[in-house]
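What follows is a short report on a single structure.
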Amino acid sequence: MKVNTVTVIGANGKMGLQISALFAAFGGAKVYMVSRTKQKSLDAVDKAISSIRSSAIKNNLISATYDDLPECLKISDWVIESVQESYEAKESINRIISRTRNNNRIITTNTSGLSLNRLAEQFNINDRKKYFGAHFFNPPSKMTLCELIPSSYSDFRTQKFIKEYLTKILLRTVVEVKDKPAFLANRIGFMIINKAAQYAEKYKRKGGILYIDTLLGKFTGRSIPPLATVDFIGLDVHKAIVTNLAKNTNDYFNSNFELPKFLEKLIKKKHLGNKSLGGLYKTVTDSNGFKTRLVYDIDSGEYKLFPNQDIPIVNLMRSMIHNGEYEKAYTLLMEDNCNESNIIIEFLLAYISYSYSLYNEVTNNLYEIDRSMISGYGWAPPVEFIRLFGGPSKVITLLHKANMPVPIVLKTNRFSEYYNSANDLVDGRPYFKS
Amino acid sequence: MFREVIQDALISLNIDESEIINLVKNQRIAFFIGNFAGERYVDQGHLGALITDLDPIYNGVASFRYEAACASGSVAIDAARTKISAGEIDLAIVVGIEIMKSLSSDLGSKVLGLAADFESEAKDIIYPFPKLFGQLANIILKRYKLDERLFLDNLAEISNTNYSNAKNNPLAQTRLWYMSKSHAVNRYDKFNPSIGGKLCVSDCSQITDGAAVVVLASEKYTKEYARKRSIKLSSIPFMKGYGVRVGPLKFSDKITQSSSLKTILPWTKKAIDDAYQMAKLNFKDIDLFETHDCFTSSEYVAISMLGYCKPGEEHLAIGKGEIKFNAKKPLNPSGGLIGVGHPVGASGVRMMLDLYKQVANKATTYQVEGAKNAMMLNIGGTATSNFSFIIGV
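Keeping their order, the protein sequence lines are chains A and B. The numbering used here applies: residue 35 is where the first sequence begins, and numbers increase by one. The numbering used here applies: residue 1434 is where the second sequence begins, and numbers increase by one.
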């Protein structure tokens, strides 16, 4: 099978246009970029070219509208739906796709967490077999993860082909996951991020958002602190994902998906993050062009200058990470007994506990859990923290002490074998920054 | 980074702390740090002494920094080789390191200008090195009387080949970047602007933070090392030949000197020939090459100097696909400086590490099948300091 012609529906969206660029550039495919109006599609073509930084793909990108869609669907080898994240929007597109016959095409949805089985029901038997979730992460130039999700109707040979194409041609890190809410990386990531938001509210008098982002900063193995990530994602998108997870999951960490009140308040005010006039953080520019970064003060409901966050354990750990002394930094954290250290440890233990508790439920491969967090979030993988905390048995003791569930797999030989080989598979160091 | 590469090297070689302590005590170990401009990029000079920061076990060890612009890594290797040959030490740990992203590209390019004759070639010039290697492109065109369109197409092919090879190298900086021949030939465009005369962004190597380590050992130590670890001595790669030559600092002086010759950079060629002669090997014996592609024009001239063809016939070798990964003797299977990145003080060490990986059959995803001998060319400045090494088993 060859992928010569691709149609991307919802191509004017942030992900739609970047996915179009990937297929046009790395795949060399002709891509029909479909949006509501011709102008939106023309703008999307320009943005797609900029996203890949090459005019060489210009001739591969064709702007189109929904009027052109029936023809595009007939001639396409791969149809990608990347419209708004709701059953209503996606099901309505699926119905349009199903009206056009083409037995050879692959159809994928860029959903970040809706049920594939439900979405597949809009298709006839032939299309259902070739329908999958292919969930790309933003920005694809840095985050290479693509979660591949079959429905219960999916054809295995087609899945194999898609996996190979995404891996070898589009250079994605493909992780096959089960059709569960928010799949794998977002389920783990949003639990931590929303828990961080809850803690910002809980500690609003101690510095709130900045306090928690300082405690869970880059030295805890992430390229952006968790609450700054909410601004990048968009507060409305964050709400949609955690609401879905709160409703459709039922485990120890379920309460961590409850949206804190201050986020609800900001959403109502249309403070949706980087795409609007601010979110949890905000940058203001004065008449001289001087920029000041402000942070939302949960208590007063106003944006304020950054309060001083001089936290000794954080300063010490950052300095050690700067010197490449990872073990020393985390030994110090374990030996420290201040409130801040306890919060950091609690989050990292929750990260380990939740990640591996999804083994079997969402994936049957331990390595895929670690790979997902690296390539989808740029976070140091959970196995790295097990190593820094002194190994699986030490972590089991710590989880008991923290009254957190110990994932069953953590006690098995399978995990021991994986842990012993993880040093060769995963190098978590590049994800720690001072 | 400094700490991590040294720790990783010792772990991968299975050399433990007690062995290091013993070597330090008997003064049989030394560190050689290749670095171009730490004091300018990160306000830190005296990098040799930095080793004592890593662990108290290194107190008392001989550890010094070596500098020869982009060949700083190679001059450190050469110093290590010399000290082992003189019988003064048994183990030499050579670290190449450079932090470059600490400065904006304008300021960083000014620092790189120090590798030229600063007064006449770099002062008050933005991006001096792309301009100097752009001049090299003009000289190639003129001296070999080439068709400009074909020549620029060849440069695009060099760029595309390096990026393609880098896709298979898990440590390459550009492995996820988009590059194609059609992008590279599309010159003077918004996304591929001119940066030095005819050279565009696609012709340049990458500004990178990076570090690499190679460990050299005396014959006596190697035999003991292999015996203790039950490793076949013949499987351990060794240095078969080297060539070291310094030419005039100014680019224009080099060109004046070679004006009557077919070879544009004769001192570079001499370093390569010296390495071949010492190893008693020639082009046909080498299975792969790693060359200094700081710009596509520097790789272009290297093609004939390494022996792929006569000078002036590089376009034929490129046209026949002789430098590609699947050719008999791939050039830059790692992706080179263009594909991997060019942390200037580290590049020479990185090249030697890649030669080692290839002939030791440890290059995994970019392994050249059956590689026994490999050669590298690392240059500093405008091919002023020239180093060539041959590693084999």
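Note that the Cβ used here is the ideal one computed from N, Cα and C, for glycine as well.
Within-8 Å CB hit, residue i to chain E
i	result
residue 172 of chain A	Among the chains of the structure shown, chain E does not appear; the protein chains present are A and B.
DSSP-derived helix/strand/coil call for residue i
i	result
residue 332 of chain A	coil
residue 1610 of chain B	coil
residue 1749 of chain B	helix
residue 230 of chain A	helix
residue 1495 of chain B	strand
residue 339 of chain A	strand
residue 140 of chain A	strand
residue 370 of chain A	coil
residue 77 of chain A	helix
residue 1798 of chain B	helix
residue 401 of chain A	helix
residue 426 of chain A	helix
Contacting residues, own chain, Cβ-Cβ under 8 Å from residue i (five flanking each side not counted)
i	result
residue 253 of chain A	348, 351, 352, 355, 363, 466, 467, 468
residue 334 of chain A	none
residue 158 of chain A	132
Chain-order list of residues whose beta-carbon lies under 6 Å from that of residue i (same chain, five-residue window excluded)
i	result
residue 1699 of chain B	1691
residue 452 of chain A	400
residue 410 of chain A	171, 177, 179, 219
residue 1452 of chain B	none
residue 1528 of chain B	1466, 1646
Separation of residue j from residue i, as counted between CA atoms
i	j	result
residue 1617 of chain B	residue 116 of chain A	31 Å
residue 202 of chain A	residue 1552 of chain B	49 Å
residue 215 of chain A	residue 258 of chain A	24 Å
residue 85 of chain A	residue 55 of chain A	7 Å
residue 223 of chain A	residue 153 of chain A	24 Å
residue 95 of chain A	residue 377 of chain A	49 Å
residue 1631 of chain B	residue 1567 of chain B	6 Å
residue 1674 of chain B	residue 1584 of chain B	33 Å
residue 197 of chain A	residue 208 of chain A	6 Å
residue 1562 of chain B	residue 1546 of chain B	7 Å
residue 1499 of chain B	residue 1578 of chain B	39 Å
residue 290 of chain A	residue 232 of chain A	8 Å
residue 273 of chain A	residue 106 of chain A	34 Å
residue 1658 of chain B	residue 1518 of chain B	18 Å
residue 1476 of chain B	residue 394 of chain A	51 Å
Cutoff 8 Å: residue i Cβ touching any chain B Cβ
i	result
residue 357 of chain A	yes
residue 421 of chain A	no
residue 178 of chain A	yes
residue 205 of chain A	yes
residue 89 of chain A	yes
residue 456 of chain A	no
residue 86 of chain A	yes
residue 26 of chain A	Residue 26 of chain A is absent from the structure shown; chain A starts at 35 and stops at 468.
residue 219 of chain A	no
residue 59 of chain A	yes
residue 54 of chain A	no
residue 463 of chain A	yes
residue 450 of chain A	no
Exposure label - residue i; buried when at least 16 CB within 10 Å
i	result
residue 247 of chain A	buried
residue 180 of chain A	buried
residue 346 of chain A	exposed
residue 1720 of chain B	buried
residue 342 of chain A	exposed
residue 169 of chain A	buried
residue 318 of chain A	exposed
residue 133 of chain A	exposed
residue 1540 of chain B	exposed
residue 126 of chain A	exposed
beta-carbon residue i near the ligand SAH non-hydrogen atom, thresh 7 Å
i	result
residue 180 of chain A	With respect to the ligand SAH, the structure offers nothing, as it holds no ligand at all.
Same chain, Cβ closer than 7 Å to residue i, five either side skipped, listed in chain order
i	result
residue 420 of chain A	386, 426, 429, 453
residue 263 of chain A	227
Chain A contact for residue i (CB, 8 Å cutoff)
i	result
residue 1786 of chain B	no
residue 1609 of chain B	yes
residue 1479 of chain B	no
residue 1790 of chain B	no
residue 1620 of chain B	no
residue 1590 of chain B	no
residue 1436 of chain B	yes
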